[in-house]
Every structure is written in C-alpha cells, then in structure tokens.
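J.: Residue numbers (the working numbering), protein chains in the order written: chain A, 368 to 698; chain B, 368 to 698. Heads up, the beta-carbon is just placed ideally off N, CA and C, and yes, glycines get one too. Being a predicted model, the structure only gives us computed values, none of them experimental.
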DNA sequence: GCCATTGTCGCAACCGCTTCCTATTCTGCG
DNA sequence: CGCAGAATAGGAAGCGGTTGCGACAATGGC
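#1: What ranges does the alpha helix (DSSP H) occupy inside the stretch 606-636 of chain A, keeping only unbroken runs of at least 4 residues that lie completely in it?
#2: Exposed or buried, residue 539 of chain A, counting other C-beta atoms within 10 Å across all chains shown (16 or more means buried)?
#3: Starting from the N-terminal side, write out each stretch of the alpha helix (DSSP H) that is 4 residues or longer and does not extend beyond the stretch 515-539 of chain A.
#4: Taking Cβ positions only, does residue 482 of chain B come closer than 9 Å to chain A?
#5: Please report the Cβ distance between residue 434 of chain B and residue 661 of chain B, rounded to the nearest whole angstrom; I am assuming they are in contact, meaning their Cβ atoms lie under 8 Å.
#6: Counting C-beta neighbours from all protein chains within 10 Å, is the total for residue 700 of chain A 16 or more, i.e. buried, or is it exposed?
#7: Could you give the residue range of the beta strand (DSSP E) that holds residue 682 of chain B?
#8: Count the C-beta pairs between the stretch 609-621 of chain B and the stretch 582-590 of chain B that are closer than 8 Å, then say yes if the count reaches three, no if not.
#9: Taking the Cβ atom as the reference point for each residue, do residue 461 of chain A and residue 431 of chain A lie within a distance shorter than 9 Å?
#10: Would you call the stretch 402-411 of chain B in contact with the stretch 435-451 of chain B, where contact means no fewer than 3 C-beta pairs closer than 8 Å?
#11: Going along chain A in order, which residues have a C-beta closer than 7 Å to the C-beta of residue 444 of chain B?
#12: Give, in chain order, every unbroken run of the alpha helix (DSSP H) that is at least 4 residues long and sits entirely within the stretch 422-491 of chain B.
#13: Is residue 686 of chain A helix, strand or coil by DSSP?
#14: Are any of the Cβ atoms in chain B nearer than 9 Å to that of residue 455 of chain A?
#15: Using the C-alpha atoms, what's the distance from residue 651 of chain B back to residue 636 of chain B?
#16: Less than 9 Å between the beta carbons of residue 646 of chain A and residue 690 of chain A, yes or no?
#17: For residue 478 of chain A, is the classification buried or exposed, using 16 other Cβ atoms within 10 angstroms of its Cβ as the cut-off for buried?
#18: If you draw a straight line from the alpha carbon of residue 524 of chain A to that of residue 515 of chain A, how long is it in whole angstroms?
#19: Whole angstroms is fine: what's the gap from residue 620 of chain B's alpha carbon to residue 588 of chain B's?
#20: Determine the DSSP secondary structure at residue 583 of chain A, reduced to helix, strand or coil.
#21: Any C-beta of chain B sitting closer than 9 Å to the C-beta of residue 617 of chain A?
#22: On the DSSP letters alone, give me the boundaries of the alpha helix (DSSP H) that residue 577 of chain A sits inside.
#23: At a CB-CB cut-off below 7 Å, which residues of chain A make contact with residue 583 of chain B?
#24: Between residue 659 of chain B and the rest of its own chain, which residues show a CB-CB distance below 8 Å, the 5 nearest in sequence each way excluded?
#25: Listing by chain order, which chain B residues have their CB less than 9 Å from the CB of residue 570 of chain A?
#26: Examine chain B for any beta-carbon lying closer than 9 Å to the beta-carbon of residue 432 of chain A, and answer yes or no.
#27: Have a look at residue 606 of chain A and residue 530 of chain B and give me their C-alpha separation to the nearest angstrom.
#28: Within the chosen definition, does the stretch 593-603 of chain A reach the stretch 624-633 of chain A through at least 3 CB pairs nearer than 8 Å?
#29: Could you tell me if residue 537 of chain B is buried or exposed, where buried requires 16 or more neighbouring beta carbons within 10 angstroms of its beta carbon?
#30: Could you check if residue 546 of chain B is buried or exposed, using at least 16 other CB atoms within 10 Å of its CB as the buried criterion?
#31: Distance, Cα to Cα, residue 564 of chain A vs residue 575 of chain A?
#32: Would residue 696 of chain A and residue 543 of chain A be called neighbours here (beta carbons separated by less than 9 Å)?
#33: For a contact meaning CB atoms closer than 9 Å, what does residue 634 of chain A contact in chain B?
#34: Assign residue 394 of chain A to buried or exposed, taking buried as 16 or more other Cβ atoms, counted over all protein chains shown, within 10 Å of its Cβ.
#35: Hey, does residue 467 of chain B have any beta-carbon neighbour from chain A nearer than 9 Å?
#36: For chain B, is any of its Cβ atoms less than 9 Å away from the one on residue 451 of chain A?
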C-alpha cells in the first residue's frame, strides 16, 4: 500500500541499496544518481518506514516516560520538558501513567521493552526492591529515575534539591519572624517529601510535623487537625503546592485569612501558585528542566551501550516570594 | 544481544515457526510441544520484539496524540483519558506538543506516519485548509480531531457541546438576576470558543463581548478593559477557567470581591476550579471521556481499513454551581 | 600502455517475526 | 491391513529497510 524503497528503486532504475544510500546521504553514490533518486522519491511521496529501519539498526528513536499521573501539573511540566528534549533529538516519547501502582508500572516497562524503546524515564513508585532493580537491569535498557536522589540503586537520577528546598522554606519563615511553625507532609517513607522535611527540620528543629496524604484533600485535613491541636502555629510549610492550597482552603473555612492569620509556603511552584488567591509563596523546582535533563542523560546512556557509570543530577531550587506569608516583625 | 525466536527454537529443538505458533497460541501445534516451548521461552526470558512483529503484521499498536500543550490542564486530562483507553486496548500513546504551530504539527504528523502509528488523535490548530486536509488524508491514516465539531472536513471528531455550554452559562446568569452581563473570549475564529460565544449570545443577546487571548493574562487584561469601559456589568462569562481566574485576579486588584461585586462563570471545570478561592462556578466538559472516546473511535477506524464514514461524537456539558456567582434576586 | 587505485553500484545477507505451503506422522475407519 | 484425512512440524518467502562485499569502469602514475 505505502510506497517502499523497492518502488523508488524500480522507478529510478537502480538497485534498492543505491536508493537507501542516496537517502541516507552516505558515501558511495554518484551525485547525479543521488539527485535522480531523490527526485523520484519526492515524486512518489516516499516515506521511509522507521519501523523497518529500527529493526536493522536496533534503535527505535523512541523513549518511554512513566509518571504516576500526567494530570498532576508537576508531571505535566516534566513531561513537556522531556518531550521537547526528545523531539530535539529526533525521538518520540510514549506516555505511561502508573498511578503509583507497582504492577501497572511493571507492565508498562515490559511493554516498552518489547517495543525496544531506547530508554525509559520514570518516577519510580516507592523504593525499588532488590528484585525489582535486578529485573529492571535485566532488560538491559537505559533507565533514568526522576526524583530519587538517594538510594543504593545503580540507576541514573535527576531531581531537585529537596533538602535545600525544605531548608529554604524553614529559614524564610524564621526570617519573617515566625516562631511556631508547622510542616504538613505526605506519608512517611516518601523519598522526596522526607528530604524536604529533613531540610526543613534542619532550619526549624522544633517544628510541628504532621503526616497525611499529599493531595489537596490531605492538605485540608491536616490543616484542620493542626489548627485544632496547635492554634499557636502562625506559619505552615506544606510539602507541595496542592497541599498548600488545601491548607488555604481549611483556613478560609475557619475564617482565618492568609497571610494575616496564617502564613503558608508551598513547594513545586506549579503554574496555579501564581494565580491562586493570594498568590502562593513557594519553593520553585525546575520541572521542565528536570524532564529535559533526564532525556539528555537517557540519550547519552543509550549512545554508549557499555554500562557506563550512572549519572546523577541535582537541580537547584529557589524560593519564590509572593503574598501568602506575613512578616511578623513589622507588625 | 536480546534473546530471539531463533534462540528459543534452537534451545527447544524445534523450528522457529513452531515457536512462533506456540507463543501466539495459534492452531496447529501439539499441546506437549507448546508446553515445552513455553517453558524454554520462560527460562530464557524471551521477550517478543514488537517492532519486528509490527513490520510483518502492519500494525504498530501505537497511537499518536498531538495536543497544543500537555501542561494545559484540559489537555492533560484528555491525554489521561486517551492513554487509559489506549492501554486498555494494548496500545501505546506517543505524546506530541504542537504549541499551536502548523509547521510543528505537520512535522509530528510526518514523524508519526513514518513510525506507522495506527492512528492519530489531535486538536487541530486552526481550521485546516483544503490543502492540509488533502495532505492528511494522503497519509491514509485514521485521524480523529478533538474539539472540532463543525467544518466541512471529512474527519471523525469528538468534542463537547460548546454551544449548549455557552447557553447554560448565559441562562444561569440571567436566572440569578444579572442584567448587565459580559463575555470574555479568545481570538475571533477560534472554533470551540466561538461556539461557546454563540450559545451564550443566544441566551443573553445584549451581552458585551470582548475578544483577546484565552489565557490567564488575557483574562486579566480583558477584565481590566471591561471594568473600565463597562462598570455597570455585574457578571462575566469567561471562555475558559483559566481566563476566569484572570478575571478574578483583575477584580481583586481593583478591590472588587467575587462574587459580591462581580460574578464569574468559567468553562472546562479543570481541577483547580474547585480549589480556587472562591471555588469557581463553571461549565463542566468531560475531558477524560473525550480523550477516551477519541481513542475508541480511532481504534475502530484502524480496524476496518476501508474509509468508513467519519464518526462524530458530541459530549454533553453541565453547569457546576460553586461560589463565584452572586444571586442578585435575594439581595 | 599497463596495473593499482578509486569511485559507483548491484548482489545478497540479515534484523526478528508471521504465515502460507508442503512434507511427514498419526489417527480412525472400512 | 491399507488408505484417506487430520494433526503436526519444518521450510521458506516475505515485511522494508541497512550494509558488507565484490564486480566493473574510470582514473592516474610509472
């Protein structure tokens, strides 16, 4: 149905290998011949079949991206960065949503492996067990992990400096004169979030820390609990922006104004943080750049097949000052 | 490097065609043989090469999704719906961001065509010219358009009932007793948005209509202009939620409270609309379902190769009442 | 003018898999 | 016991490309 190399060869009166060489621009074909072939190919609307090419070259020019859910603005941004970088290198990105489900994630990995993607980019769900690691390594496929700095595994990783981010938030709140400060975070054992918590506690050792779900609802609930048990608290550091919005909602429901009655700092700096009311002071992490960098590393890994040393990249973070924090000193 | 059919065949002492049959479970191989083959395949960790398979079967089990930007929560949701549906049918989804750029979109289409994807799902940038349509059709690839109900083209489409949505918003605002109402929308000629505008104007014929960018900034600017020129307006229908947030911002900057001083209705019902302060009253469109339905149609189209009649599906919409609209009658 | 070199191009193998066709064995029946 | 027909397995052709190798002609140095 589609026009193939053979068709072009027949039409141009040359061997199909000559057509292949002409198209790929490789050495060993007369300029005149090449021109003629190119012309014919153009006229016939020839489109190389990249599947077939991949079969022989062994490279699919396709990358896999597994995130928990692309509807999460954080991952959407990472995905965009990854896609742009992949596109710039002539690669496609196949999108997978794992929903933080081990089994589903594994199914995706197998599927991607069967498609012989050049590499996989993923935010691994929970810490990988030894067996999991082995299984992954067994596929002999380059893998870059998003947001997993620590751990003894031997994969390349890209993430933001979560520890520093937590520290920044803590220092900022103290600098603004807050004394009683709380930290609302996700479940214990969540890698990134606990890094943030550790950094924060380094700056604010006597902070109140509450664990819960790292969602809007979770932020609401935790804030409710907090305001009830610790009414003396004047500032809250939420483990991510969505939780921070939950805190703001909970505050509003109790008639507390942000920032006058309660200061809030988030983490991520998703787009809505600037749009929210009041605009949220938060720790920015370069999501787009993280996605892009991960692809760069992945492609580098795919290039040199030998199991080169894993590359680890940690991006800096930055506190974005907006209007959700009250300066207590000027009051 | 990877273990192939041949390896399994050698190890099991049978021909490779037998292995193929055993694995595919097709008729014509002794149960005992099949068992042995399966065992060997398992032991060798055999993974079929789906690229090679696709080469001969002609189906890649891959779909392309071209959106303007996955960071847009609307498209993220559509993408998620599409991915889930694709996954359920054993297909992969490759993600492309066109940035509303004709040329970029075309490059993606060509690239996807070269990969022999089974079909493409896209929110076409602007109305397609005759030439564009022809070019697309020329690829002989199933295509489903997102959010393009009208138009004389011959593609299948999936979208929400934008006209009805606009009408709903208009009626609601009138029912709440508003007399002077404005509509802030995107650039003229934007298909969906103008459908919404038409529906709205059907319900509120004397509305003030302002065109601008359909972004947060655009919402801000347009609202600024509106409040200056038409201070008598008490309610605004924004063409999408993000614009509505812009309106809310502009109102806040001028000391106007929402909804007491200005009522706002959005469109889309993105996640943040429920989280915003105040929660935004908006027209819900089933984004996830749109993505999923588009994939279903695409797969159906890919199944029966004959150029079957294009399928068009329009989803219902629903007004979600939250707290951004004031009831003028009870005042 | 001859041979070695270089430039062009065709031939054929191969990538890993599916599938049609054919050869062989097994089965059941008269 | 012989034979038709079904069951089973192997052979081989392709899917659409890439690439090493050899054939052949043109070129250049002596």
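T.: With the structure as the only source:
#1: Here the runs fully enclosed are 608-620.
#2: As a first step, residue 539 of chain A is located in the first chain; it is residue number 172 there, counting from the start. With 16 or more other Cβ atoms from the protein chains shown falling within 10 Å of its own Cβ, residue 539 of chain A counts as buried.
#3: As far as the stretch 515-539 of chain A is concerned, it has no whole alpha helix (DSSP H) run of at least 4 residues.
#4: Looking up residue 482 of chain B in the second chain gives position 115. It does: the Cβ of residue 482 of chain B has a partner Cβ on chain A nearer than 9 Å.
#5: Your numbering for residue 434 of chain B matches position 67 in the second chain. Your numbering for residue 661 of chain B matches position 294 in the second chain. With 8 Å as the limit, residue 434 of chain B and residue 661 of chain B do not qualify as a contact, their Cβ atoms being about 11 Å apart.
#6: No answer is possible for residue 700 of chain A: it lies beyond the span of chain A, which begins at 368 and ends at 698.
#7: Working through the second chain from its first residue, we reach residue 682 of chain B at position 315. Residue 682 of chain B -> beta strand (DSSP E) spans 679-682.
#8: Touching, yes, given that three or more Cβ pairs across the two stretches are closer than 8 Å.
#9: Residue numbering aside, residue 461 of chain A sits at position 94 when the first chain is read from its first letter. Residue numbering aside, residue 431 of chain A sits at position 64 when the first chain is read from its first letter. In this structure, residue 431 of chain A lies closer than 9 Å to residue 461 of chain A by Cβ.
#10: Below 8 Å, too few C-beta pairs join the stretch 402-411 of chain B and the stretch 435-451 of chain B to call them touching: fewer than three.
#11: What you label residue 444 of chain B is simply residue 77 of the second chain in a count that begins at 1. Taking a Cβ-Cβ threshold of 7 Å, the residues of chain A close to residue 444 of chain B are 438, in chain order.
#12: Taking only runs of at least 4 residues, the alpha helix (DSSP H) segments lying wholly in the stretch 422-491 of chain B are 440-455, 469-481.
#13: Along the first chain, read from residue 1 onward, the residue named residue 686 of chain A stands at position 319. If DSSP states are grouped into helix, strand and coil, residue 686 of chain A belongs with the strands.
#14: Reading the first chain from its first residue, position 88 is the one you call residue 455 of chain A. With its beta carbon at least 9 Å from every one in chain B, residue 455 of chain A lies outside the interface.
#15: Residue numbering aside, residue 636 of chain B sits at position 269 when the second chain is read from its first letter. Residue numbering aside, residue 651 of chain B sits at position 284 when the second chain is read from its first letter. Looking at the two C-alpha atoms, the distance is approximately 5 Å.
#16: Stepping through the first chain from its first residue, residue 646 of chain A is reached at position 279. Stepping through the first chain from its first residue, residue 690 of chain A is reached at position 323. Yes, the Cβ-Cβ distance between residue 646 of chain A and residue 690 of chain A is below 9 Å.
#17: Mapped onto the first chain, residue 478 of chain A falls at position 111. Buried.
#18: Here the question's residue 524 of chain A lines up with position 157 in the first chain. Here the question's residue 515 of chain A lines up with position 148 in the first chain. If you take the alpha carbons of residue 524 of chain A and residue 515 of chain A, they lie about 6 Å apart.
#19: For this step, residue 620 of chain B is matched to residue 253 along the second chain. For this step, residue 588 of chain B is matched to residue 221 along the second chain. A straight-line Cα-Cα distance of about 12 Å links residue 620 of chain B and residue 588 of chain B.
#20: Counting from one through the first chain, the residue named residue 583 of chain A turns up at place 216. Note: residue 583 of chain A maps to helix in three-state DSSP.
#21: Locating residue 617 of chain A in the first chain gives position 250, where the first residue counts as 1. Chain B, which has no Cβ nearer than 9 Å to the Cβ of residue 617 of chain A, makes this no.
#22: As a position in the first chain, residue 577 of chain A is number 210, starting the count at 1. Annotation for residue 577 of chain A: no alpha helix (DSSP H) segment contains it, though the beta strand (DSSP E) segment containing it runs 575-578.
#23: If you number the second chain from 1, residue 583 of chain B lands on position 216. Going along chain A in sequence order, the residues near residue 583 of chain B (Cβ under 7 Å) are 642.
#24: Mapped onto the second chain, residue 659 of chain B falls at position 292. Closer than 8 Å at Cβ, skipping near neighbours: 448, 449, 451, 452.
#25: Within the first chain, numbered from 1, the residue matching residue 570 of chain A stands at position 203. Contacts between residue 570 of chain A and chain B, judged by CB atoms closer than 9 Å, are missing: the closest CB pair is about 28 Å apart.
#26: Position 65 of the first chain, counted from the first residue, corresponds to residue 432 of chain A. Yes - at least one Cβ of chain B is within 9 Å of the one on residue 432 of chain A.
#27: Along the first chain, one-based indexing puts residue 606 of chain A at 239. Along the second chain, one-based indexing puts residue 530 of chain B at 163. Cα to Cα, the separation comes out at about 41 Å.
#28: Enough Cβ pairs lie closer than 8 Å, so yes.
#29: As a first step, residue 537 of chain B is located in the second chain; it is residue number 170 there, counting from the start. Here residue 537 of chain B is buried, its C-beta having at least 16 other C-beta atoms within 10 Å.
#30: The residue given as residue 546 of chain B occupies position 179 in the second chain. So residue 546 of chain B ends up on the exposed side.
#31: For the purposes of this step, residue 564 of chain A is taken as the residue at position 197 of the first chain. For the purposes of this step, residue 575 of chain A is taken as the residue at position 208 of the first chain. Taken atom to atom, the span from the alpha-carbon of residue 564 of chain A to that of residue 575 of chain A is near 11 Å.
#32: The residue you call residue 696 of chain A lines up with position 329 of the first chain. The residue you call residue 543 of chain A lines up with position 176 of the first chain. In this structure, residue 543 of chain A lies closer than 9 Å to residue 696 of chain A by Cβ.
#33: Within the first chain, residue 634 of chain A is the residue found at index 267, counting from 1. Result: empty, since nearest Cβ-Cβ is about 16 Å, beyond 9 Å.
#34: Walking along the first chain from the start, residue 394 of chain A turns up at place 27. Under this definition residue 394 of chain A is an exposed residue.
#35: Numbered from its first residue, the second chain carries residue 467 of chain B at position 100. Look at residue 467 of chain B: its C-beta is not under 9 Å from any C-beta on chain A.
#36: Counted from its first residue, the first chain places residue 451 of chain A at position 84. Chain B, which has a Cβ nearer than 9 Å to the Cβ of residue 451 of chain A, makes this yes.
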